[in-house]
Every structure is written in C-alpha cells, then in structure tokens.
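Novice: Those letters in the sequence shown? Residues 1 to 96, per full-length UniProt numbering, in order.
What follows is a single structure, and I will ask about it in a moment.
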Amino acid sequence: MSTKLEHNADATRYEIYLDGTLAGYADYAERVDGDAKVRDIQHTMTFPEFRGRGVAAQVVEYALNDARAEGFSIIPTCWYVEKYIGEHPEYADLVA
1 MSTKLEHNAD ATRYEIYLDG TLAGYADYAE RVDGDAKVRD IQHTMTFPEF RGRGVAAQVV
61 EYALNDARAE GFSIIPTCWY VEKYIGEHPE YADLVA
C-alpha cells in the first residue's frame, strides 16, 4: 500500500492518501502577525474505511513537522492533536 502525505495550502489542510485515495486530513486556521506565525489545527478526520491503520497519527506527525519547518507554532484545538502531542513530547515546544 502506498502512502502519500501532502500540504494542501489552498484548502488549509494536510492530507493523506492511501493507494491514491484520500484517507484522511487535518485542517487548520493560520494566523501571521509580524513574526508570530500560528496554525490552529482544528479537526482531524480519518474516513471510516481507513480507521485503525494509524492514518490520523501519520497526518498529524506530518503537519507538526511541516509547521516546525515553516516556523509556525501550533494551537491543538483538535483533541486528537492535543493527545498526540501529549504522547510525543518532542512536539511540546510547538504549542503556542
């Protein structure tokens, strides 16, 4: 099974594709105020037929790594993102 992760900036979300089919996403709102750059990850969705495969974890990890690379801090409004960061303390420094 092939996995493709991408940042769909036009839709303000991170997407994960399994074998070419959209399997889930994490959407966000972005705010840039001077040097302060924040992405509020508001919702994570895994489509029912792809649940139980770690899809949400993969897309959240990708989103957090991308935010770090782009100099953004994170507001984990989505409960799953908050839980993920709690279980992966290497991302705690991203929380705004």
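Just so it is clear, CB atoms sit at the ideal spot from N, CA and C, and this is done for glycine as well.
Model, not experiment: these values are computed from the prediction.
Going by CA-CA distance only, name the one from F47, W79, A11, E82 that's closest to G24.
Specialist: Position 24 of the sequence shown, counting from 1, holds the residue named residue 24. The candidate whose alpha carbon is nearest that of G24 is F47.
Novice: So Y80 and A56 are in contact, right, with Cβ under 8 Å, and what is the actual spacing, rounded?
Specialist: Translated into the one-based positions of the sequence shown, residue 80 becomes position 80. Translated into the one-based positions of the sequence shown, residue 56 becomes position 56. About 6 Å; that satisfies the 8 Å criterion.
Novice: For A63, which residues of its own chain have a beta-carbon under 7 Å away from its beta-carbon, when the five flanking residues on both sides are left out?
Specialist: Walking along the sequence shown from the start, residue 63 turns up at place 63. Same-chain partners within the cutoff: Y14, A26, I41.
Novice: If we ignore side chains and look at the alpha-carbon of each, how far apart do T21 and A67 end up?
Specialist: Counting from one through the sequence shown, the residue named residue 21 turns up at place 21. Counting from one through the sequence shown, the residue named residue 67 turns up at place 67. If you take the alpha carbons of T21 and A67, they lie about 24 Å apart.
Novice: Please go through the region 31–57 and give each complete beta strand (DSSP E) segment of 3 or more residues, from N-terminal end onward.
Specialist: Entirely contained in the region 31–57, the beta strand (DSSP E) runs reaching 3 residues are, in chain order, 36–46.
Novice: Which whole-angstrom value is the C-beta distance of G86 and K37, which I expect to be below 8 Å?
Specialist: If you number the sequence shown from 1, residue 86 lands on position 86. If you number the sequence shown from 1, residue 37 lands on position 37. Incorrect: roughly 23 Å between the Cβ atoms, too far for contact.
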